[in-house]
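Below: the structure, in structure tokens.
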Amino acid sequence: MTEVIDDTNRVISLWQLARYHTMTDPRQAVVYATESIRLARKLNYTYGELVSLQALSFVSTITGDWQNGMQTAYEGLQVSQAKYPKLEIVFYNLIALVYEKQQDSQHRLEWLLKAKNHPEIESLPNNGKWLIYHNLGEVYENLNEFDSAMYYGNLIDTSCRKLNIPIEVSYANAVMGRVEKKRKNYPQALHYLRTAIGFSNKFGNPFLESEQSVDLAGVFQAMNQPDSAIFYAEKALAGGRQFKNLVLTINAAKLLAQIYEQKNPAKAINYLKIVNASNDSLYTTSRIFQTQNIVNTIKQRERELVEAKKEYDYSIRQNALIGFLAFFGILTLILIRNNRQKQKSNAILKDKNREISLQKDEIEKTMEQKQVLLSELQHRVKNNLQYVISILEIQKESASHSNIDDLIRSNQNRIHSIALLHKKLNVSESVNDVDLKRYVTDLSELVKDSYDIKGNNVSLFVTCDIETLSITKALPLGLIIVELVSNSMKHAFKNQPNGIINIEIAQDKNSKKNCLHYIDNGIGFDFKNIQTKGLGVEITKGLIDQLNGTVETQLKKGFELKMCF
């Protein structure tokens, strides 16, 4: 146990070292983050893996290795979605950061809005929502939507001064400074950017101070104050070189080249050389990575072709040997048959007759078995169609349906559940067993897709640990799932853009009973004490009673039902 604790502590230590070196020695930060990820995966330490992926993605992106930044961000997103949903927002923001560095503001805005609208935005550690808000301010500034950019800038500035979060105050003022620069309100732009640099200095973040220096230099250039512009641009260039930030280096050198273009062309040329060299470095990394991928793919195909040729040659030799042995065997049989034809002709004839008789008996036995299976299948179809008739009779007497589309869709889904049930029967040996996992997965997807709700994004997750189930239990279980999914799709997600439905079927370890666990993150309702009971609820309760099932529900955000039978 001590060894495990020490190892997980080492993961956190490596992650902290990676974060510490991100702004001072990015290459070493990559080494620490990579080792932290490797160790976390070895220990199956999910949280450590996620924060280490976050660190690696961030340092890769800000130093120009955008492909590695995007790859690790997506890896982190997949792990968090499966095991740690609260950290999804972090990786949404990292993917947006890659698009920021590639100057793709539309895609960046798309991912930032996913983060902003995430239900866990308020529970982010270290007031993390302000990071999302300042990124939204930046992207709106890049898209020249100045009012939206200033809204987020003022919101962050006011809130984070009260919360004593100097780095976010710095980011907010930098955004507002760039907006005022674009509006050509240069005195106000200087005020905001000087405030930003002051808070960066207070926070002790020279990397951020360097980034904001190039913005301040741009304002001084626009105000025709070249000395101040040169001072801050050279400060930004030094920071870009110190922190291996190629994007910052390019922006600072380009600005200096513009300033010196008229009064000192030689200096301007030197700065343009820095721009070109940095551009080459920035994009060569991606080209090498892509080229190496192509080379690796080609080598892999060559290895596959070699293996395929070996298998083909082996198959040819094997078939030739089999053919030779078959020919030799046939020739031997012919010689033996010719030599002993008279002595064994009667015996061979008897053997053939016996073999035909055995085959006939087997065929008759198989026909009898198939006839029994067919009769049983017909009986099952008759019983299951009775389900449809009963539901339609109840539907006819119900006064709760005012929408004919809902009525038809509900009955279609119920009938689909019975049709799909017969499709999943294992008819090779019996007509009583259903492939439960495929049945539940296909059925729930079918019902979800039957509701085309514009503006809603509903994700469905199905887990089934029970391989097969008898048709007598699978049919009511399927109809219960139809009613639950239909209810969620019609009512649960009316006031939210994203929905999640989770269906889990497993055997309870204590009671050994099969249990259906159904959860959605919608508006929720009280299954047991609901005052206005719709027909779907009544049908569901009747089907649960048919399975002799017990029901547990919880009153919280969303709807949750656990039924064991």
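The UniProt record's numbering applies: residue 1 is where the sequence shown begins, and numbers increase by one. By construction, the Cβ of each residue, glycine as well, lies at the ideal position given by its N, Cα and C atoms.
Margin query: Excluding the 5 residues flanking LEU484 on each side, which residues of the same chain have their C-beta closer than 6 Å to its C-beta?
Written below: TYR518
Note to self: According to DSSP, simplified to helix, strand and coil, what is HIS118?
What the structure shows: coil
Checklist line | Three-way DSSP call (helix, strand, coil) for THR24 in this model | finding: coil
Next item on the list: State the CB to CB distance for the pair VAL11 and SER52, rounded to an integer number of angstroms; the pair is presumed to be in contact (CB under 8 Å).
Entry: 7 Å
Check: Is the beta carbon of THR72 within less than 7 Å of some heavy atom of the ligand HEM?
Finding: As far as ligands go, the structure on display features none, and thus does not contain the ligand HEM.
Next item on the list: Over the uninterrupted beta strand (DSSP E) stretch that includes PHE559, give me the two end residues.
Entry: 559–564
Check: So, LEU95 versus LYS116, is the Cβ gap smaller than 8 Å?
Finding: Residue 95 is actually Ile in this sequence, not Leu. No, Cβ-Cβ distance for ILE95 and LYS116 is not below 8 Å.
Item checked: Spatial distance of ALA82 from ILE505 (CA atoms) -> 18 Å
Margin query: Taking only three categories from DSSP, how would you classify ASP104?
Written below: coil
Check: By how many angstroms is the C-alpha of ASN432 removed from the C-alpha of ILE466?
Finding: 15 Å
Checklist line | Residues bridged to HIS517 [DSSP beta-bridge criterion] | finding: GLU504, LYS562
Checklist line | Extent of the continuous beta strand (DSSP E) run through THR553 | finding: 550–555
Next item on the list: Quickly, what does DSSP pair LEU469 with across the bridge? List them, please.
Entry: VAL434
Check: Out of curiosity, what's the CA-to-CA distance linking LEU14 and ASP25?
Finding: 14 Å
Check: Per the contact definition of three or more C-beta pairs closer than 8 Å, is the stretch 101–109 in contact with the stretch 82–91?
Finding: no
Note to self: Looking only at its chain, what residues have a beta carbon closer than 6 Å to the beta carbon of PRO166, apart from the 5 residues adjacent to it on each side?
What the structure shows: PHE199, LYS202, PHE203
Notebook entry, point to check: Taking the alpha carbon of VAL219 as the point to measure from, which residue in ASN135, SER357, LEU190 has its own alpha carbon closest?
Noted result: LEU190
Check: What separation, rounded to the nearest whole angstrom, lies between the Cα atoms of THR285 and GLN318?
Finding: Note on THR285: pLDDT 48, under 50, position unreliable in the model; the coordinate value appears next. When rounded, the distance between both Cα atoms is 49 Å.
Next item on the list: Can you say whether ALA33 is buried or exposed, counting buried as having 16 or more other CB atoms within 10 angstroms of its CB?
Entry: buried
Check: Where in the stretch 10–70 do unbroken runs of the alpha helix (DSSP H), each at least 4 residues long, occur, reported from the N-terminal end onward?
Finding: 26–43, 46–62
Notebook entry, point to check: Going by alpha carbons, who is nearest to ALA29 out of TYR47, PHE58, ALA40?
Noted result: PHE58
Note to self: Taking the alpha helix (DSSP H) that ASN251 belongs to, which residues open and close that run?
What the structure shows: 246–263
Item checked: Top-ranked residue by Cα proximity to ASN521, from TYR140, SER459, ALA257, LEU113 -> SER459
Next item on the list: Write down the C-beta distance between ASN144 and LYS182 rounded to the nearest angstrom, noting that I regard them as a contact closer than 8 Å.
Entry: 7 Å
Notebook entry, point to check: How far does the beta strand (DSSP E) with PHE461 in it reach, from first residue to last?
Noted result: 457–464
Margin query: Please identify the residue among TYR186, LEU246, LYS86 whose C-alpha is closest to the C-alpha of LEU50.
Written below: LYS86
Next item on the list: To the nearest angstrom, report how far apart ARG287 and TYR439 are at their CA atoms.
Entry: Any reading at ARG287 needs caution, since the residue's pLDDT is 39, under 50, leaving its predicted position unreliable; the model's value is listed next. For ARG287 and TYR439, the distance between alpha carbons rounds to 46 Å.
Next item on the list: Could you tell me the distance, in whole angstroms, from the CA atom of GLN507 to the CA atom of VAL537?
Entry: 24 Å
Checklist line | chain B within 8 Å of ALA474, Cβ atoms only | finding: In summary, chain B is missing from the structure at hand, where a single protein chain is found.
Check: Looking only at its own chain, which residues have a Cβ that is under 6 Å from the Cβ of LEU97, when we skip the five neighbours before and after it?
Finding: THR61
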